[in-house]
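Structure record follows, encoded as structure tokens.
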Amino acid sequence: MLIEFDDEKMVDLVEPDLRARFNFVTKEIKAPMPRARTRGWQINADDLLSESCRLRISPEADVALGFTTKDIYVPDMNFVFGLASSDGGCAVVSAHRLESSDPGLFKERLLKEVVHEVGHVLGLPHCSDRRCVMRFSNSLEDIDFKSTEMCENCSAKLSFLMQRTS
Numbered sequence: 000m001l002i003e004f005d006d007e008k009m010v011d012l013v014e015p016d017l018r019a020r021f022n023f024v025t026k027e028i029k030a031p032m033p034r035a036r037t038r039g040w041q042i043n044a045d046d047l048l049s050e051s052c053r054l055r056i057s058p059e060a061d062v063a064l065g066f067t068t069k070d071i072y073v074p075d076m077n078f079v080f081g082l083a084s085s086d087g088g089c090a091v092v093s094a095h096r097l098e099s100s101d102p103g104l105f106k107e108r109l110l111k112e113v114v115h116e117v118g119h120v121l122g123l124p125h126c127s128d129r130r131c132v133m134r135f136s137n138s139l140e141d142i143d144f145k146s147t148e149m150c151e152n153c154s155a156k157l158s159f160l161m162q163r164t165s
């Protein structure tokens with residue numbers, strides 16, 4: 000399930016890649032921005048994540064991924080590009096800091112963050128390989144440097160995890 004909290008059509012940019020990459024059957028829903036704690040202009044990522052998880056449970060989807068254009072944070076960090084639940088099943092991604100005047104670059108950045116968060120939802124940790132999409136990103140430079148693909152090690156881990164759940 001792909002959840003748009005804003006009217007920016009980010010889902011349309013990444014949905015075909017998600018479907019092909021993870022063999023997901025996708026369903027898009029529009030949801031109002033939930034009540035969330037704020038810090039200045041930022042929105043608490045945990046609150047958006049909770050809403051994504053709540054929406055996943057009601058229609059019984061396997062994975063719920065929320066999208067927003069708002070800047071998001073978690074209490075111990077200035078900002079995050081995205082956040083996945085620790086028990087799996089849902090994540091949220093913010094396009095706020097991924098913006099670019101180049102639409103292709105924006106789409107690539109968004110895809111990298113979406114694949115990264117879905118990787119967490121499916122059970123993958125952060126990776127030490129600087130080119131792997133599962134590498135933690137603390138800046139746009141980090142995102143731009145890494146690939147849209149998982150390294151060989153993360154791909155093998157994901158295959159193992161997917162076999163265990165099927």
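When we follow numbering that gives the first Met the number 0, the leftmost residue of the sequence shown carries the number 0, and every step to the right adds one.
We treat Cβ as the ideally placed atom computed from N, Cα and C, and that holds for glycine.
Predicted model, so just to flag it, every value in this text is computed and none were measured.
*Buried or exposed: E112, going by 16 or more other Cβ atoms within 10 Å of its Cβ?*
Translated into positions along the sequence shown, residue 112 becomes position 113. By the 16-neighbour rule on beta-carbons within 10 angstroms, E112 is buried.
*Going straight from the alpha carbon of V120 to that of V114, what length do you get?*
The residue given as residue 120 occupies position 121 in the sequence shown. The residue given as residue 114 occupies position 115 in the sequence shown. Distance between the alpha carbons of V120 and V114: 10 Å.
*asked:* Counting C-beta neighbours from all protein chains within 10 Å, is the total for V117 16 or more, i.e. buried, or is it exposed?
replied: Locating residue 117 in the sequence shown gives position 118, where the first residue counts as 1. So V117 ends up on the buried side.
*Going straight from the alpha carbon of M9 to that of C150, what length do you get?*
On the sequence shown, residue 9 is found 10 positions in, with the first residue counted as 1. On the sequence shown, residue 150 is found 151 positions in, with the first residue counted as 1. Each residue's Cα considered, the two are about 25 Å apart.
*Going by Cα to Cα distance, which pick from P15, K69, P31 and F21 is closest to Q162?*
Your numbering for residue 162 matches position 163 in the sequence shown. Checking every option, the nearest Cα to that of Q162 belongs to F21.
*In chain order, what residues of the same chain lie with their CB nearer than 7 Å to the CB of D16, ignoring the 5 residues before and after it?*
Mapped onto the sequence shown, residue 16 falls at position 17. Contacts found: L110.
*Report the partner residues of A44 according to the DSSP bridge assignment.*
Counting from one through the sequence shown, the residue named residue 44 turns up at place 45. DSSP, once it has assigned bridges, lists no residue as partnering A44.
*Return helix, strand or coil for G103, following the three-state DSSP convention.*
For the purposes of this step, residue 103 is taken as the residue at position 104 of the sequence shown. Three-state DSSP puts G103 in a helix.
*Grab the span of the alpha helix (DSSP H) containing V62 for me, first residue to last.*
Position 63 of the sequence shown, counted from the first residue, corresponds to residue 62. Careful: V62 lies outside any alpha helix (DSSP H) and carries neither H nor E.
_Rounding to the nearest angstrom, what Cα-Cα distance links C131 and G39 in this structure?_
The sequence position of residue 131 within the sequence shown is 132, counting from 1. The sequence position of residue 39 within the sequence shown is 40, counting from 1. When rounded, the distance between both Cα atoms is 33 Å.
*Test item: CB-CB of L54 and M0 under 8 Å*: Taking the first residue of the sequence shown as 1, we reach residue 54 at position 55. Taking the first residue of the sequence shown as 1, we reach residue 0 at position 1. Against a cut-off of 8 Å, the Cβ pair of M0 and L54 comes out as a contact.
*By how many angstroms is the C-alpha of F66 removed from the C-alpha of E27?*
For this step, residue 27 is matched to residue 28 along the sequence shown. For this step, residue 66 is matched to residue 67 along the sequence shown. Those two C-alpha atoms are separated by around 11 Å.
*Going along the chain, which residues of its own chain have a beta-carbon closer than 8 Å to the beta-carbon of E14, five neighbours each way excluded?*
Position 15 of the sequence shown, counted from the start, is the residue given in the question as residue 14. Cβ neighbours of E14 beyond the five flanking positions: L1, T25 and E27.
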